[in-house]
Every structure is written in C-alpha cells, then in structure tokens.
Amino acid sequence: MGDEKGYGKFNGFYWFEEKTKKGWSIIALIPISQYNKEMNQWGILMMYIAILFVFISLIVSLLLWKTLYKPLKEFRHEIKLMGNSNFHSEVVTTKIPEFVDLINRFREMRTQIVSLIKEIEQKERKRADLEVEKLKHQINPHFLMNTLDTAKWLAMSGERNELTQLLSSLNKLLYYNMGKLGILSNLEEELDSMKQYLVLQQIRYDFDYQTIINVPENVLQSPIPRFILQPLVENSIYHGLVDEGKITVTVNLEKDMIIIEVSDDGRGMSQEKMDEILHHNSFHQTQNGMGIGLNYVKRVMERTYGEFAEIEIQSEVNKGTTVRLLIPFIKGGNNNDSSIDCRG
Numbered sequence: 001m002g003d004e005k006g007y008g009k010f011n012g013f014y015w016f017e018e019k020t021k022k023g024w025s026i027i028a029l030i031p032i033s034q035y036n037k038e039m040n041q042w043g044i045l046m047m048y049i050a051i052l053f054v055f056i057s058l059i060v061s062l063l064l065w066k067t068l069y070k071p072l073k074e075f076r077h078e079i080k081l082m083g084n085s086n087f088h089s090e091v092v093t094t095k096i097p098e099f100v101d102l103i104n105r106f107r108e109m110r111t112q113i114v115s116l117i118k119e120i121e122q123k124e125r126k127r128a129d130l131e132v133e134k135l136k137h138q139i140n141p142h143f144l145m146n147t148l149d150t151a152k153w154l155a156m157s158g159e160r161n162e163l164t165q166l167l168s169s170l171n172k173l174l175y176y177n178m179g180k181l182g183i184l185s186n187l188e189e190e191l192d193s194m195k196q197y198l199v200l201q202q203i204r205y206d207f208d209y210q211t212i213i214n215v216p217e218n219v220l221q222s223p224i225p226r227f228i229l230q231p232l233v234e235n236s237i238y239h240g241l242v243d244e245g246k247i248t249v250t251v252n253l254e255k256d257m258i259i260i261e262v263s264d265d266g267r268g269m270s271q272e273k274m275d276e277i278l279h280h281n282s283f284h285q286t287q288n289g290m291g292i293g294l295n296y297v298k299r300v301m302e303r304t305y306g307e308f309a310e311i312e313i314q315s316e317v318n319k320g321t322t323v324r325l326l327i328p329f330i331k332g333g334n335n336n337d338s339s340i341d342c343r344g
C-alpha cells in the first residue's frame, strides 16, 4: 500500500499525519493562527503575481497591437482610400520585414496606378480635343453650297450691297472657324461671329425675326470656346421660329459664373424632346445650318470645363425655348486651352 495521509484540528492546532509503508506515523502540529497567517501571506502573494501577470499581458497585447494589428488596420484603410481614388495619402510604416516588403509592393502598385491614370487622362483629353476640333471644322457642305448659290443670284440680280455683306460675313465666319489658337476665343469675338451668322441667314432666307443682344462690357474679354453661340441661335431659327419671331441673347455675370441665355418665342418643344436632347446626345442638326450643332456645344463644354459648367433647356410648346449655358467666369487672360481648363 502507499502512504496514508490525514489532517484535522486538535486543541488549537492543525495536525497533519502521514503513515509510511513501514508503519511509522509522522505527525505535524501547526498552530491555527500561524497557519492562517501564512495562508493569508500566500494569498496576497498570489494576488500580486496575478496582477503582475495581467499587467504584463496588457503590455504584450499593446505591443502586438502596435506591431501587428495597427499597421494592418491602417494598411487596410490606405487600400480603402485608394479604392475611393485617393492616391496621395501616406502609407503606414513598420519595422516588421514582412510588412515592409508588402508596403513597398503596395507603394509600387500605387505609383503604377497613378501613372496609368495620368496616361489615360492625357489620352482621353487628346481624344476629346480631336473630337471637338472635328466637330468644329465639320461645316455642312449644304450650308456653303446654298450660301454660294445665294451669292450667285445676288450677283446676277445686281444686289451688290447684299452680295458684299454676304461674302464678308461668310469670310469672317470661315476665318473664325479656322482659328489657329485652339478652341478658345473670347465672348466679344464669339458674339461677332454669331452676328455674322445671323446676317448670312437673314440674307439667304426671308425670315422676319428680330434679334436682341444684351451683354455687359465686363465679360466681353472672358475666354470661352469658339462656336458655342452659333448653334444656339441656329437651333432657334430652324427648330423654334416659323417665319417671324424674336431671338434674345442675354449674358449675365453672377458671382463667378457667366450665364448665357438664348431665347426664342417660337414653337417650343415637349419635355420628352428636352430630356432626349440633354441625356442622349441627340441634338438637332439641319442641312441648312453650318453643321456644327448643339452636340458640339455640349462636348466642348465637357472638355473645357468638366463638371464646372452646365447646359439647361427650358421650353413650352407654342411659347418658346430658352437654352442656358453656365460657365466659369475668367477675367481676360490668354485665349489658350490651359488658361481656361477647369477640370484640374
């Protein structure tokens, strides 16, 4: 048999007995007060050890959080920011070799993405520029043919004054269209080009319409894209007025925006047609007009101003149409593409 043990209380003592295999009994007596004192000391010691263990665990957890979890959390945040097109935030740094390698690869990837985005933006901008230039120079051959035919009949009928006026206006329009300084002009030159177009149309056709132009002098030198007014008045002539009416061109400056309105009191259009024009790029064009069209106006505004410009159409059937352009106001300046590009 193995050793037998026992314990108990006796007359103010704790006794502990252990019997050996040879039959001996070993008995220890410990005063109860002494026993309780030592147990309390051991309890306090264990409590201190437990507190120290918890404290050490907290420190270890904090170190692990700083070295592992926090970099991972911030790294995840950086990836989320990049997903939201924020490519300029600082990537978290750490001393863990695996993380350093991962972060370096992330930085390389981000640099490549930024480079690709810039390359795509440059190509898209060049494509948009070419498309706008193509639309600007896309003069309808019917317009030229009909204008020259009108010039022939004026010459044959001896209407020298009207012939001179017609050829002068046509020459100015073509010269303005072939401007070598890019797609930009200023509002004063744009208004003059629009007037030359109206002169041509009044000579070519027996349209009895009145033109009213209200423009403050402080916006005349503001750079704007070429041929954004002519398609608006062309639209009023061919799709608004019948044989007579009124076209009003109004320019206002409100805060930092130029508001250009071209209104007519003609046939107007339905809400469905306005929605189609604004959202489906199906702007009216006509064989009798120059062929540049309102589609050019929308494209050139998107290319030049991006989200900083708007085009609005208000119309009521049998009461008239108003086309409104809202573009950023730039005081004076050189008429080149970079001086007016608001897209960043």
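Taken in order, the sequence shown gives residues 1 to 344; the numbers are from the UniProt record's numbering.
For each residue, glycine too, the CB sits at the ideal point set by N, CA and C.
Predicted model only: the values in this text are computed from it and were never measured.
Restricting attention to ASP208, LEU154, SER169, LEU170, the CA atom closest to the CA of LEU163 is found in LEU154. In this structure, ILE313 lies near MET274, with their beta-carbon atoms less than 8 Å apart. With contacts defined as CB atoms closer than 8 Å, THR321 and ASP264 qualify as a contacting pair. The count of Cβ pairs closer than 8 Å, one atom from the segment 22 to 34 and one from the segment 54 to 63, stays below three, leaving the stretches out of contact. Residue state for PHE227 is assigned as coil, using DSSP reduced to three classes. By the neighbour-count definition (other C-beta atoms within 10 Å, threshold 16), ILE311 is a buried residue. LEU184 is the residue among LEU184, GLN202, SER33 whose C-alpha sits nearest the C-alpha of ILE228.
For SER25, the uninterrupted beta strand (DSSP E) segment begins and ends at 25 to 31. Looking at the DSSP output, THR111 bridges to nothing. Judged by their CB atoms, MET301 and ILE327 are nearer to each other than the 8 Å cut-off. The straight-line gap separating the alpha-carbon atoms of ASN295 and GLU254 is approximately 26 Å. Burial state of PHE53 is exposed, judged by a 10 Å Cβ sphere holding fewer than 16 other Cβ atoms. Going by DSSP, THR67 is part of no alpha helix (DSSP H) at all; its letter is neither H nor E.
Shortest Cα-Cα distance from LEU102 to any of ARG76, LYS126, LEU116, GLU190 involves ARG76.
The beta carbon of SER270 sits closer than 7 Å to the beta carbons of VAL317 from its chain, once the five residues preceding and following it are set aside; these are given in chain order. In the three-state reduction of the DSSP assignment, ARG267 falls in the coil class. The C-alpha of VAL262 lies about 29 Å from the C-alpha of ALA151.
Excluding its 5 nearest sequence neighbours in each direction, LEU167 has C-beta neighbours in its own chain below 7 Å: ALA151, listed in chain order. When DSSP assignments are scanned along the segment 158 to 199, the uninterrupted stretches of alpha helix (DSSP H) that are 4 or more residues long and fall wholly within it turn out to be 160 to 177.
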